[in-house]
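One structure is given below, encoded as structure tokens.
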């Protein structure tokens, strides 16, 4: 089953790393390890293994070859006390530059004037737009308020001072030379990366780093200052948002006051992580030789760890990691930051990532395979290796499963979900020799088609291409076809497998492409895919998930109200593997049936069975009364109320009363000649809208059947209209021919 977590606790550089939620590793650790066991995180992209498993009595070894990430991770695992951060910053602030304290000098870089009162202010950040200053945000002590105002010529003049006549200043060449010498083949890549900094930001970074290097500090203070500088390097960049994918800044970005950034970082506990955890951080030899729970960081890769002789073969019964995805921005920036902090020698482990021109999934699969192969040497026979993909793009899922299978790991559990895309895999090492099929490509195509058909029948609704691709890769992994593909393909086996999946599914007469624009019809990743013949398919997964969420809320013991994660974990237990529901849809269901109060959920009173039974009876009575009032003959069927024209005796309207959003069983059957109306509580409208947005097959059935959706309260309002006749009723329903009902909008009153 999929293990949902709690909202992640931030730590330095969080925005660049896999968005792993808290609590996930703790659950897997309880399942697959015992107190005293050695647990290894072979890619160490998160501090969660250390924080959660060492606290639970395990000995945790983190393996990471990036010195900047090690600094960030250890800030969360072994927090620097605030008093040390403040002391280090004070030492830096007191250094002199041009007979001025450094703090005052740097604050003056961001001085400005409040246009409202004319007094001097210090700007928190400037906003740039199209390479020109546009706005400034500041607190005006005189006016006593925060303000955003347009910049003035004096602001532009101050910014231009650090790039006179548009030329590079000495601070730029220091930043460039520090990271790449003049004869370095990667110098242009570094130069391109420096474009993410304004001239003023580079001047501040140069000044801070230069003055920091001249201080004689005790190791704790030096670590604190390195940490503060790292934050300045990251915050000083013009790259906004989470995990930026390119080094090109947005046309609109913020230039932050770096001295204020340092002050806030030192004061507000930004680096504290889970302070006072009491975790013991030790050397690798101490971790291996002593039974006490602790954390150690190995500086290198898994291959380096094996070569070091620090750990014996087959020593770890449990391994767990959040896999890194290709992240050229992070790799290039951390190489530069490492050189700024500790000179070029420190950046050597990262140089190979800087010079690479292309970071595709085939290359990434080979890099991951090296890590998996090295991990195979230290995991015990029968051990478990849990791999988490917080951002499970189809290519990432394929790369991870191919790398693991090729490194002789058997997939024993899997869970993949969308919205957002996430995956969790559990492997165990094997020594299997696999007999290759006669024609690998043909086998891959047929097995991909079979996997796609199976997952669609199980889910009972159209699926994204990511689900098809994931199902195919899971099937290939379980049958060890991926390691055969690696053995038989001279180069880029992942491409061979991916092409086979597309050939097997896109050309299958048993699959149809739905909900796709004509311009995107040739792209399998656009729209959704469904069965040409859906006979025998399960009820739509969305309806089953909705039903389970409603039952979970309704069946809560008196006085016991779960939080979001507890409910989501229950749901993922009920729908494992490729049926795992997305968190966005789960949340929609939860909000439709529940009310959150003080962090826990309560079943909505109006959804209590007795209340809904009363609603049904009331709606049934009111629809009968309304039909008779309009001159229709009213007949009640097994699940519907029909209004018949008295003259033709044909059904004019067919009403279905439903207290849920599980409407597919009513809508998907062939349409009738009558106008069909689904009558629902107002609280289900948003959930139905969401379902129609994610299920093109259901949406098409709504359009083909001319279905309308009428809320309970609008039935009552129609009854209250004294002069309501058939024409007015048609107009109220939106059925008058002059009313345009575009198919892109749910016809919902």
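In the working numbering, the protein residues as written are 12 to 760. Glycine residues also receive a C-beta, built at the ideal position from the N, C-alpha and C atoms.
Take residue 541 and list the residues in its own chain whose beta-carbon comes closer than 6 Å to its own, dropping the five residues that flank it on each side.
Walking along the chain shown from the start, residue 541 turns up at place 530. Correct list, in chain order: 473, 523, 525, 708.
Alpha carbon to alpha carbon, how far is residue 596 from residue 30?
Numbered from its first residue, the chain shown carries residue 596 at position 585. Numbered from its first residue, the chain shown carries residue 30 at position 19. The alpha-carbon atoms of residue 596 and residue 30 are separated by roughly 19 Å.
List the residues that DSSP assigns as beta-bridge partners of residue 170.
For the purposes of this step, residue 170 is taken as residue 159 along the chain shown, with counting starting at 1. For residue 170, which the question treats as bridged, DSSP gives no partner whatsoever.
Got a sec, what are the start and stop residues for the beta strand (DSSP E) residue 393 sits in?
Position 382 of the chain shown, counted from the first residue, corresponds to residue 393. 390-400 is the extent of the beta strand (DSSP E) around residue 393.
So, is residue 18 buried or exposed, given that buried needs 16 or more other C-beta atoms within 10 angstroms?
As a position in the chain shown, residue 18 is number 7, starting the count at 1. Classification of residue 18: exposed, given that the 10 Å Cβ count is below 16.
Compute the beta-carbon to beta-carbon distance between residue 211 and residue 266, rounded to the nearest angstrom, for a pair I have assumed lies under 8 Å.
Mapped onto the chain shown, residue 211 falls at position 200. Mapped onto the chain shown, residue 266 falls at position 255. That belief holds up - the Cβ atoms of residue 211 and residue 266 are roughly 7 Å apart, short of 8 Å.
I'd like to confirm the pairing. Which residues does DSSP put opposite residue 47 in its beta bridges?
The residue given as residue 47 occupies position 36 in the chain shown. None; residue 47 has no bridge partner.
Could you check which residue in 26, 439, 402 has the C-alpha nearest to that of residue 43?
In the chain shown, residue 43 corresponds to position 32, counting from 1. Nearest option by C-alpha distance: 439.
Got a sec? Which residues, its chain only, sit under 8 Å from residue 377 by beta carbon, not counting five neighbours each side?
Here residue 377 is taken as the residue at index 366 of the chain shown, counted from 1. Hits under 8 Å: 414.
Grab me the residues of residue 317's own chain with a C-beta within less than 6 Å of its C-beta, minus the 5 sequence neighbours each way, in chain order.
As a working note, residue 317 is residue 306 in the chain shown. Cβ within range, chain order: 385, 388.
For the candidate residues 170, 203, 302, 402, whose alpha-carbon lies nearest to that of residue 254?
As a position in the chain shown, residue 254 is number 243, starting the count at 1. Closest option to residue 254, Cα to Cα, is 402.
Nearest to residue 446 by CA position, among 248, 664, 490, 113, is which residue?
Here residue 446 corresponds to residue number 435 of the chain shown, with the count starting at 1. For residue 446, the nearest C-alpha among the options comes from 490.
So the candidates are 730, 728, 680; which of them puts its Cα closest to the Cα of residue 717?
Here the question's residue 717 lines up with position 706 in the chain shown. When only C-alpha atoms are compared, the closest one is 680.
Let's test the definition: count the other Cβ atoms within 10 Å of the Cβ of residue 600 and tell me whether it reaches 16, buried, or not, exposed.
Here residue 600 is taken as the residue at index 589 of the chain shown, counted from 1. Flag for residue 600 reads buried.
I'd like to check one pair, residue 476 with residue 535: are the Cβ atoms closer than 8 Å?
Taking the first residue of the chain shown as 1, we reach residue 535 at position 524. Taking the first residue of the chain shown as 1, we reach residue 476 at position 465. Yes, these two residues count as a Cβ contact at 8 Å.
Grab the span of the alpha helix (DSSP H) containing residue 701 for me, first residue to last.
Indexing the chain shown from 1 puts residue 701 at position 690. From DSSP, the alpha helix (DSSP H) with residue 701 extends over 696-705.
Between residue 484 and residue 105, what straight-line distance do the alpha-carbon atoms span, to the nearest angstrom?
By 1-based counting over the chain shown, the position of residue 484 is 473. By 1-based counting over the chain shown, the position of residue 105 is 94. One C-alpha to the other measures close to 59 Å.
Mind reading off the beta-carbon distance from residue 408 to residue 480? Whole number of angstroms is fine, and I expect it under 8 Å.
Translated into the one-based positions of the chain shown, residue 408 becomes position 397. Translated into the one-based positions of the chain shown, residue 480 becomes position 469. Going by Cβ atoms, the distance from residue 408 to residue 480 rounds to 7 Å, so yes, they are a contact pair.
What are the boundary residues of the alpha helix (DSSP H) that residue 222 is part of?
By one-based count along the chain shown, residue 222 stands at place 211. Looking at the DSSP string, the run of the alpha helix (DSSP H) that includes residue 222 is 210-224.
Is it the case that the Cβ atoms of residue 186 and residue 358 are separated by a distance below 8 Å?
Stepping through the chain shown from its first residue, residue 186 is reached at position 175. Stepping through the chain shown from its first residue, residue 358 is reached at position 347. Going by C-beta atoms, residue 186 is not nearer than 8 Å to residue 358.
Closest by CA to residue 654, which one among 648, 664, 95?
Along the chain shown, one-based indexing puts residue 654 at 643. Considering only alpha carbons, the answer is 664.
With a Cβ-Cβ cutoff of 8 Å, do residue 196 and residue 366 count as a contact?
Counting from 1 along the chain shown, the entry for residue 196 is found at position 185. Counting from 1 along the chain shown, the entry for residue 366 is found at position 355. Yes. Within cutoff.
Can you give me the start and stop residues for the beta strand (DSSP E) that residue 73 sits inside?
As a working note, residue 73 is residue 62 in the chain shown. Counting along the chain, the beta strand (DSSP E) containing residue 73 begins and ends at 70-75.
State the Cα-Cα distance for the pair residue 431 and residue 592, rounded to the nearest angstrom.
Translated into positions along the chain shown, residue 431 becomes position 420. Translated into positions along the chain shown, residue 592 becomes position 581. Going by the C-alpha atoms only, they are around 10 Å apart.
Tell me which residue opens and which closes the alpha helix (DSSP H) that residue 678 is part of.
Here residue 678 refers to the residue found at position 667 when the chain shown is read from its first residue. Run containing residue 678: 675-678, per the alpha helix (DSSP H) assignment.
Are residue 327 and residue 390 touching if we call contact CB-CB under 8 Å?
Position 316 of the chain shown, counting from 1, holds the residue named residue 327. Position 379 of the chain shown, counting from 1, holds the residue named residue 390. Yes, they are a contact pair.
On the criterion of 16 or more Cβ atoms from any shown chain inside 10 Å, does residue 504 qualify as buried, or is it exposed?
Counting from one through the chain shown, the residue named residue 504 turns up at place 493. Buried: at least 16 other Cβ atoms inside 10 Å.
Nearest by alpha-carbon distance to residue 261: which of 348, 35, 429, 139 is it?
For this step, residue 261 is matched to residue 250 along the chain shown. It is 139.
Pick out whichever of 723, 730, 675 has its Cα sitting closest to the Cα of residue 705.
Stepping through the chain shown from its first residue, residue 705 is reached at position 694. That would be 675, whose Cα lies nearest to the Cα of residue 705.
Which residue's Cα is closest to the Cα of residue 651: 39, 677, 396, 130?
As a first step, residue 651 must be located in the chain shown, where it is residue number 640. Looking at the Cα atoms, 677 is the closest of the given residues.
For the stretch 428-476, list the alpha helix (DSSP H) runs that are entirely contained and at least 4 residues long, ordered along the chain.
With a minimum length of 4 residues, the continuous alpha helix (DSSP H) runs that stay inside the stretch 428-476 are 451-470.
Out of curiosity, what's the CA-to-CA distance linking residue 287 and residue 59?
Taking the first residue of the chain shown as position 1, residue 287 is located at position 276. Taking the first residue of the chain shown as position 1, residue 59 is located at position 48. Legend: pLDDT at residue 287 = 47, less than 50; position of this residue unreliable, value from coordinates given subsequently. Residue 287 and residue 59: Cα-Cα distance of roughly 15 Å.
Going by DSSP in three states, residue 478 sits in which element: helix, strand or coil?
The residue you call residue 478 lines up with position 467 of the chain shown. The answer is helix: DSSP assigns residue 478 an H, G or I state.
Just to confirm before moving on: does the CB-CB distance between residue 277 and residue 291 stay below 8 Å?
As a first step, residue 277 is located in the chain shown; it is residue number 266 there, counting from the start. As a first step, residue 291 is located in the chain shown; it is residue number 280 there, counting from the start. Their beta carbons are not under 8 Å apart, which means residue 277 does not touch residue 291 by this criterion.
Could you tell me whether the stretch 659-673 touches the stretch 613-629, where touching means 3 or more Cβ pairs closer than 8 Å?
In short, these stretches touch, since the Cβ pair count reaches three.
Around the C-beta of residue 459, are 16 or more other C-beta atoms found within 10 angstroms, so that it is buried, or is it exposed?
Your numbering for residue 459 matches position 448 in the chain shown. Residue 459 is buried by the Cβ-count criterion.
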